[in-house]
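Undergrad: Questions regarding the structure given below will be posed in turn.
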Amino acid sequence: MLVGHFAASMVAKRIAPRLSFGTAMLASMLPDFLWTIFLLTGIEHVELQAARGAAHYFKAGDIAISHSLLMDAVWAALLAAAYFARRRYPRGAWVLFATVLSHWLLDFVSNRDMPLAPGVHWHAGLGLWESIPATLILEGGFWSLAIVLYTRATHLKNRSGVYGFWIVVALLTERWYANIAGPPPPNLRTAAIGGFIFFSLIVAWAYWMNRVRPA
């Protein structure tokens, strides 16, 4: 799942208007941020295979610390608690908790190897990404709906809120299609570094959007 996670952050902003869009985006991508760090440091492992589409070229080895249901609940609780301690906005904290946890649910829908908890030899998922047409309809539909909800829940302060928003949305949509149908990255280190930079830029963009498209 890719734009599905971005969609979750847009829905979060709609539910909790005082919550920064950037913080919501960080919450939606937190397990992937952790995955890039853990992959680079050797804490987690995946394998690359000669195939097209992330559902086929990524073979998960051990990603339970960043992506298991139990640990995602832990990361969600930590982020929500830190946010509440700083902002004192209960709805925002609960929405952040749900947004982090939604990462596991959305990945469960798109993949077949989602872990339940570290040390538990249980992996399952629905494998949506194995079908490009189904992915375009379901994940693409959720992405489109979230865009509509977000644009209706925010107002423009200047033209950068128009061009800056739609250009990036188009780029994210293109990157999403490349993930579900394109070739694998050259190597895992490149994938981890590129992923960390990509996610960081998207979070920075969302914080900017929060200023030029406030609720």
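Convert by adding 94 to the 1-based position in the sequence shown; the result is the number in the numbering used here.
In this text, a Cβ means the ideal position worked out from N, Cα and C, and glycines have one as well.
Would you please verify whether the beta carbon of alanine 145 is less than 8 angstroms from any beta carbon of chain C?
TA: Any reference to chain C falls outside this structure, which holds one protein chain only.
Undergrad: Put methionine 95 into one of helix, strand or coil per three-state DSSP.
TA: Of the three classes helix, strand and coil, the one that applies to methionine 95 here is coil, per DSSP.
Undergrad: Quick check: the Cα distance between arginine 206 and histidine 217, rounded to an integer number of angstroms?
TA: In a straight line, the C-alpha of arginine 206 is about 7 angstroms away from that of histidine 217.
Undergrad: Should histidine 99 be labelled buried (16 or more other beta-carbon atoms within 10 Å of its own) or exposed?
TA: Classification for histidine 99: buried.
Undergrad: Residues in the same chain with beta-carbon distance under 7 angstroms from leucine 173, minus the five sequence neighbours each way, listed in chain order, please.
TA: Excluding sequence neighbours, leucine 173 sits near Ala121, Leu124, Leu190 and Val194.
Undergrad: Could you please give the first and the last residue of the uninterrupted beta strand (DSSP E) stretch that includes aspartate 156?
TA: Run containing aspartate 156: 152-156, per the beta strand (DSSP E) assignment.
Undergrad: Identify whether valine 297 lies in helix, strand or coil by the three-state DSSP scheme.
TA: Of the three classes helix, strand and coil, the one that applies to valine 297 here is helix, per DSSP.
Undergrad: What ranges does the alpha helix (DSSP H) occupy inside the region 146-204, keeping only unbroken runs of at least 4 residues that lie completely in it?
TA: DSSP runs (the alpha helix (DSSP H)) wholly in the region 146-204: 148-151, 158-161, 163-181 and 184-204.
Undergrad: Identify the continuous alpha helix (DSSP H) that holds alanine 268 and give its terminal residues.
TA: At residue 268 the sequence reads glutamate, which differs from the alanine that was named. Glutamate 268 -> alpha helix (DSSP H) spans 254-275.
Undergrad: Quick check on DSSP: helix, strand or coil for glutamate 141?
TA: In this structure, glutamate 141 counts as strand in the three-state DSSP scheme.
Undergrad: Give me the DSSP bridge partner(s) of histidine 217.
TA: Answer is Pro209, bridged to histidine 217.
Undergrad: Taking the C-alpha atoms as reference points, what is the distance between arginine 269 and asparagine 304?
TA: For arginine 269 and asparagine 304, the distance between alpha carbons rounds to 22 angstroms.
Undergrad: Is alanine 309 near lysine 153, with beta carbons less than 8 angstroms apart?
TA: No, the Cβ-Cβ distance between alanine 309 and lysine 153 is not below 8 angstroms.
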